[in-house]
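Asks: In this note's numbering, the protein residues as written are 1425 to 1628.
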Ligand SMILES: NC(=O)c1ccc[n+]([C@@H]2O[C@H](COP(=O)([O-])OP(=O)(O)OC[C@H]3O[C@@H](n4cnc5c(N)ncnc54)[C@H](OP(=O)(O)O)[C@@H]3O)[C@@H](O)[C@H]2O)c1
């Protein structure tokens, strides 16, 4: 049974998606956007002072496999990998753990009273599990990098459509406050790809 809302640690879904919710291709990302990756790293690592708990990132086994070996586990963060089958070698890092379900990974997160944040970083299957959970999603916030162009029509992995289902778009000020640094409003362009940083919160 999933944890009750009152005991559920706050969990933020973070994703980059096209206008038609494309997020992946052939097990990897359809684009290479170093500045967007820097934003992801900065947000998920957090602004920390000595003695702070590290933030946590939960991911599906395929997303773990898609991270180049030299970048895994994602540094400075607890890495929680979800797999039914297991068999993922996490022995090299004490900050990396394997979980047989998304609720069990969530149950092992530090409580929201600590100064650490927790993120669900993909992929498509894990996002769908979290967004379609009943009676409410397993995430209470979405940090979305919305890619407006090009359309990347070849995507083969998608973000479950969440808009219009109890999710409300936040102001840029609230987004900046949440991540702990200034995030400029509006679109930017990197390598011919146009995108904007958004935040949505669950208000149903
Ligand atoms: N654009 C973005 O922001 C972004 C972010 C992350 C990922 N992605 C992309 O998304 C794609 C990967 O997504 P994906 O959906 O194929 O894979 P995924 O969600 O990363 O991982 C799927 C795996 O998670 C495990 N799993 C799924 N449901 C489970 C459940 N109910 N209980 C326990 N374990 C469960 C299974 O692992 P086992 O098979 O080991 O049992 C399953 O094969 C890639 O293309 C990646 O690049 C994009």
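The C-beta atom is built at its ideal place from N, Cα and C for all residues, glycine as well.
(1) Applying the 10 Å Cβ sphere with the 16-neighbour rule, what's the burial state of residue 1538?
(2) Is residue 1508 near ligand 1, in the sense that its beta carbon is under 7 Å from a heavy atom of that ligand?
(3) Per DSSP, what are the beta-bridge partners of residue 1614 in this structure?
(4) Pull up the distance between the alpha-carbon of residue 1627 and that of residue 1591, whole angstroms please.
(5) Quick one: Cα of residue 1492 to Cα of residue 1563, how far?
(6) What did DSSP end up calling residue 1572 once you bin it into helix, strand or coil?
(7) Following the continuous beta strand (DSSP E) through residue 1490, name the residue where it begins and the one where it ends.
(8) Bridge partners for residue 1441 per DSSP, in chain order?
(9) Out of 1624, 1625, 1607, 1597, which one is the CA nearest neighbour of residue 1462?
(10) Assuming residue 1547 contacts residue 1484 (C-beta within less than 8 Å), just tell me the rounded distance between them.
(11) Kindly list the residues whose CB is nearer than 7 Å to the CB of residue 1464, restricted to its own chain and excluding five residues on each side of it in sequence; keep chain order.
(12) Check the DSSP bridge columns for residue 1502 and list the partner residues they point to.
(13) In the DSSP assignment, find the beta strand (DSSP E) that holds residue 1447 and state where it starts and stops.
Replies: A quick look at the data gives this:
(1) By the 10 Å Cβ count, residue 1538 comes out exposed.
(2) Yes - ligand 1 has a heavy atom lying nearer than 7 Å to the Cβ of residue 1508.
(3) The partner list for residue 1614 (beta bridge, DSSP) reads 1617.
(4) Going by the C-alpha atoms only, they are around 6 Å apart.
(5) Approximately 26 Å, taken between the alpha carbons.
(6) The answer is strand: DSSP assigns residue 1572 an E or B state.
(7) No beta strand (DSSP E) holds residue 1490; the alpha helix (DSSP H) holding it covers 1485-1490.
(8) Beta-bridge pairing links residue 1441 to 1570.
(9) For residue 1462, the nearest C-alpha among the options comes from 1607.
(10) Going by Cβ atoms, the distance from residue 1547 to residue 1484 rounds to 5 Å, so yes, they are a contact pair.
(11) Contacts found: 1438.
(12) DSSP lists 1480 as partners of residue 1502.
(13) Counting along the chain, the beta strand (DSSP E) containing residue 1447 begins and ends at 1446-1448.
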